[in-house]
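Sequential numbering from 1 applies to the sequence shown in full-length UniProt numbering. Idealized CB from N, CA, C, for every residue including glycine.
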Amino acid sequence: MIGIKKVSGGALEDSMLIAGVAFKKTFSYAGFEMQPKCYQSPKIALLNIELELKAEKENAEVRVSSVEEYQKVVDAEWQILYDKLDILHKKGVKIVLSKLPIGDVATQYFADRDMFCAGRVPEDDLKRTQMACGGSVQTTVHGLTDSALGTCEVFEEIQIGSERFNIFKGCPQAHTCTIILRGGAEQFMEETERSLHDAIMVVRRAVKNDAFVAGGGAAEMELSGYLRKEAFQIGGREQLLISAMARAFEVIPRQLCDNAGLDSTVILNQLRHNHAKGNIWYGVNIEKECVCDNFENGVWEPALVKSNSIISATEAACLLLSVDETIKNPESKGAEDNTPVRPPGMRH
């Protein structure tokens, strides 16, 4: 499980990898600053209940005939809340996370007993914590067992940029990490997140499928050379089609050169020369700014990703070629001169 969090400010080099679950500190009431911010092997309770006193929900009515009865109702509400808090404390819980709010009374109660709490935790972060630390999300604290509690080696709250993060390290149930991205502009961080997500998906695909080809346009150049040779063996119109497809494969290394600021004409000529000599894994190496054996230099791509991209591109080309005619909807005269179109027979 890999989580990605963004923190504005700093440079991209300030990004960090945390071996565990991390999420931003949630809203907290008074008394939170007194709670400890670091624990060793704590018990973690994951809840989906409110730990605060609040007004009754809609269509609720309590009728009392005296001040004593009203006081009993108030005392009962307080007692119900304190009973829940006492159960968590007696179970040895040190960290309480809840999807719903945790009020100021509960926050101060936990602070007095060296316990940490966080309310309004996002559902995704709560599920990641559950999968990594173990336990289960509880809708009641009554009948709470040790098997329903999670744990980790270290919990701490640290400052990252302008944000504070709650971090769980050494999670026993799953290998989990969180990537904290830093950057000045929001658009820059969003683009970095998309690029990072694409890279993670490629690695994931590579782990599941152990077939690789060299990257940097090596596979495309080899296919281009093969198709160009085959086209010369065909005398009909199909030769034009195969030759066009061979040229299309060269777009990938050409685009790589343009993105890296290299001379695409020189690089492509060198690639054609090397592939004609049988160097099938030669491709564009952006770091060395030349062509080389990318398989030996560790520039790889999953074969499944490569084949899927070729199939998708071929299907898209076939779809366009199968279109015989396109129809354009003519714009009305009223839209051109910005005058309303009147129904037939209506006088101006």
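In chain order, what residues of the same chain lie with their CB nearer than 8 Å to the CB of residue i, ignoring the 5 residues before and after it?
i                 : result
glutamine 130     : Leu46, Ser136, Val137, Gly150
phenylalanine 232 : Gln239
arginine 164      : Lys24, Lys25, Glu157, Ile158
Run the CB neighbour count on residue i, radius 10 Å, all protein chains shown included, and call it buried at 16 or more, exposed below.
i              : result
cysteine 318   : exposed
lysine 72      : exposed
glycine 134    : buried
threonine 140  : exposed
serine 312     : exposed
histidine 275  : buried
leucine 271    : buried
glutamate 43   : What sits at residue 43 in the sequence shown is lysine, not glutamate. Result: buried.
glycine 119    : buried
serine 224     : buried
isoleucine 267 : buried
isoleucine 95  : buried
Can you tell me where the alpha helix (DSSP H) holding residue i begins and where it ends?
i              : result
leucine 17     : Leucine 17 -> not in any alpha helix (DSSP H); beta strand (DSSP E) instead, spanning 16-18.
leucine 85     : 67-90
asparagine 274 : 264-276
arginine 237   : That residue, arginine 237, is in no alpha helix (DSSP H); it is neither H nor E in DSSP.
leucine 193    : The question names leucine, yet the displayed sequence has glutamate at residue 193. Per DSSP, glutamate 193 belongs to the alpha helix (DSSP H) from 186-208.
valine 323     : From DSSP, valine 323 is part of no alpha helix (DSSP H); its letter is neither H nor E.
isoleucine 252 : 251-260
valine 105     : 104-112
arginine 63    : Neither: arginine 63 is in no alpha helix (DSSP H) and is coded neither H nor E.
lysine 54      : From DSSP, lysine 54 is part of no alpha helix (DSSP H); its letter is neither H nor E.
Could you name the residues of the same chain whose beta carbon sits closer than 6 Å to that of residue i, not counting the 5 residues immediately before and after it, in chain order?
i                 : result
tyrosine 109      : Leu85
methionine 34     : Ala111
phenylalanine 295 : Ala214, Trp281
leucine 12        : Gly183
residue 349       : This structure leaves residue 349 out entirely; the chain is present only between 1 and 348.
List the endpoints of the continuous beta strand (DSSP E) containing residue i.
i                 : result
phenylalanine 116 : 116-118
proline 302       : 300-302
aspartate 293     : 290-293
phenylalanine 27  : Premise fails: phenylalanine 27 is in no beta strand (DSSP E) and is neither H nor E.
serine 98         : 95-98
serine 8          : 2-8
asparagine 285    : 282-285
What is the DSSP secondary structure of residue i, counted as helix, strand or coil?
i             : result
residue 357   : This structure does not reach residue 357, given that the chain is present from 1 up to 348, and the question cannot be answered.
cysteine 177  : strand
lysine 169    : strand
cysteine 38   : strand
alanine 214   : strand
leucine 149   : coil
glutamate 157 : strand
alanine 244   : helix
glycine 134   : coil
Residues in its own chain within less than 7 Å of residue i by CB, not counting five upstream and five downstream?
i             : result
isoleucine 18 : Ile167, Cys177, Thr178, Ile180
leucine 126   : Leu46, Leu97, Lys99, Val137
leucine 53    : Glu77, Leu81, Gly103, Val105
Following a CB-centred definition, is residue i positioned closer than 7 Å to any heavy atom of the ligand GTP?
i            : result
arginine 182 : The model on display carries no ligand, and the ligand GTP is accordingly not part of it.
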